[in-house]
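Accompanying notes for the structure given below.
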Amino acid sequence: MTTVADFSFVTTVYNGVPYLPRYIAHLGKIAADSGAEIVLVDDGSSDGSVELVRQANHPAIKLVALERSGRSAALNAGLRAASRPLVAIIDVDDVVLPQRLMKLTALVNSFPDFKLFATGGVVVPEDDLKETEDYARFIPSDGGIDDIRIFDKSDIFNKNFLIHSAVAYFREDLLRRGGYDSTLKSCVDLAAYFELLGQGNGAYDPAPTVLFSYNKKSFYRTRSRSAYRQDLFEVLKRYGARFDIRAKDKLIGYLRAFKYTTL
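First residue of the sequence shown? That's 926 in the working numbering, and the numbers climb one at a time after it.
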């Protein structure tokens, strides 16, 4: 039987000083209360992120400091450093709500043979998150929908409705497939989903358990549209050839990708 203590939160950070105090205080409390672990991988920050984490000296945080290696390499370092069987991804600027681990634990116990577990979330402007610690006010009054959705690789090919900061999986399931793909500059999350769903189904609880920080000015700033398009079509081509994707989902997936990357 899976418990909330069976999770390692894995976060990669590059120059995260503006977000780390909130991350350490908030997620650190959730980890301390639940018995979960936090693995924070610094990807060669130059702004004092490593020193800040070391000074905080939080007992639930395991710090891995790397030279600049890239997103995939940092994520893989986090997977290797994690000591718990399940990994829950969270970006340093996003906010985990206390119910996330309980929702994920319920999914795992309901579908123990599944390979990918996810919850919903709410997109919140970054400035709004900075102004309050009353995170519950961003959640819809009805608490979100509670219907569990079962999905497979064809569903994700049709439309990737998952947010990386809201997914979880068994650590060894991704490591045995090579971890995150370091040949990709973007879409590493989508490729990982296909590797996991190639081994079994996924379960999605749309109830919001993460607040996704959104900064309109910086969105897409770190990746060019042409490079993203190249990686997206490479991932779709690769897994469309490897897996038996339903024809309708394959067509819709390619059409969505073409429309999205040419807007």
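All residues carry an ideal CB built from backbone N, CA and C; glycine is no exception.
Mark Leu-1087 as exposed unless 16 or more other C-beta atoms lie within 10 angstroms of its C-beta, in which case mark it buried. buried
Span of the alpha helix (DSSP H), counted from its first residue to its last, around Gly-1162: Looking at the sequence itself, residue 1162 is Lys, so the reference to Gly does not match. Segment 1150-1167, the alpha helix (DSSP H) holding Lys-1162.
Work out the CA separation of Tyr-1179 and Gly-1011 for me, nearest whole Å. Looking at the sequence provided, one finds Leu at residue 1011 rather than Gly. Cα-Cα distance, rounded: 32 Å.
What residue range is occupied by the uninterrupted beta strand (DSSP E) comprising Val-1017? Run containing Val-1017: none; DSSP gives neither H nor E here.
C-beta neighbour in chain D for Ala-950, strict 9 Å: Going by chain labels, chain D is absent from the structure shown, which holds only one protein chain.
I'd like the span of the alpha helix (DSSP H) that includes Ser-974, first residue to last. 974-981
How is the beta strand (DSSP E) around Glu-962 delimited, first residue to last? 962-968
My output table needs one value for Phe-1082: the three-state DSSP class, helix, strand or coil. helix
Between Phe-1137 and Asp-1052, is the Cβ-Cβ spacing less than 9 Å? no
Would you call the segment 1030-1041 and the segment 964-975 touching, i.e. three or more CB-CB distances under 8 Å? no
Alpha carbon to alpha carbon, how far is Tyr-1094 from Ser-1035? Give it in angstroms, no decimals. 14 Å
Select from Ile-963, Ile-1073 and Leu-945 the residue whose C-alpha is nearest the C-alpha of Gln-980. Leu-945
If I measure Cβ to Cβ from Val-1212 and keep anything under 7 Å in the same chain, skipping five residues before and after, which residues do I get? It is not possible to answer for residue 1212, since the shown part of the chain is limited to 926 through 1188.
Would Ile-1081 and Tyr-1118 qualify as a contact pair, given that the criterion is a beta-carbon distance under 9 Å? yes
Separation of Ala-1166 from Val-1092, as counted between CA atoms: 25 Å
Given this structure, state the Cα-to-Cα distance separating Asn-1001 from Gly-1104, to the nearest angstrom. 6 Å
By Cβ distance below 8 Å, which residues in the same chain neighbour Ala-1116 in space, the five residues on each side in sequence not counted? Tyr-1105, Asp-1106, Leu-1109, Val-1160, Arg-1163 and Tyr-1164
Using the DSSP secondary-structure output, state which residues sit across from Arg-1074 in a beta bridge. Tyr-1129
Where do the ends of the beta strand (DSSP E) carrying Gly-1046 lie? 1041-1050
Which of helix, strand or coil does DSSP assign to Ile-986? strand
In terms of alpha-carbon separation, which member of Ser-1111, Asp-1077 and Phe-934 lies closest to Gln-1155? Ser-1111
Taking buried to mean at least 16 other C-beta atoms within 10 Å of its own C-beta, is Arg-1150 buried or exposed? exposed
Where does Ala-1093 sit, in a helix, a strand or coil, going by DSSP? strand
Secondary structure at Val-1113, three-state DSSP: helix, strand or coil? helix
Rounded C-alpha distance that separates Arg-1009 from Phe-1076: 25 Å
Is it right to say Glu-922 is buried, meaning 16 or more other beta carbons lie within 10 angstroms of its own, or is it exposed? With the chain covering 926 to 1188 only, the question about residue 922 has no answer from this structure.
Have a look at Lys-1173 and Phe-1183 and give me their C-alpha separation to the nearest angstrom. 16 Å
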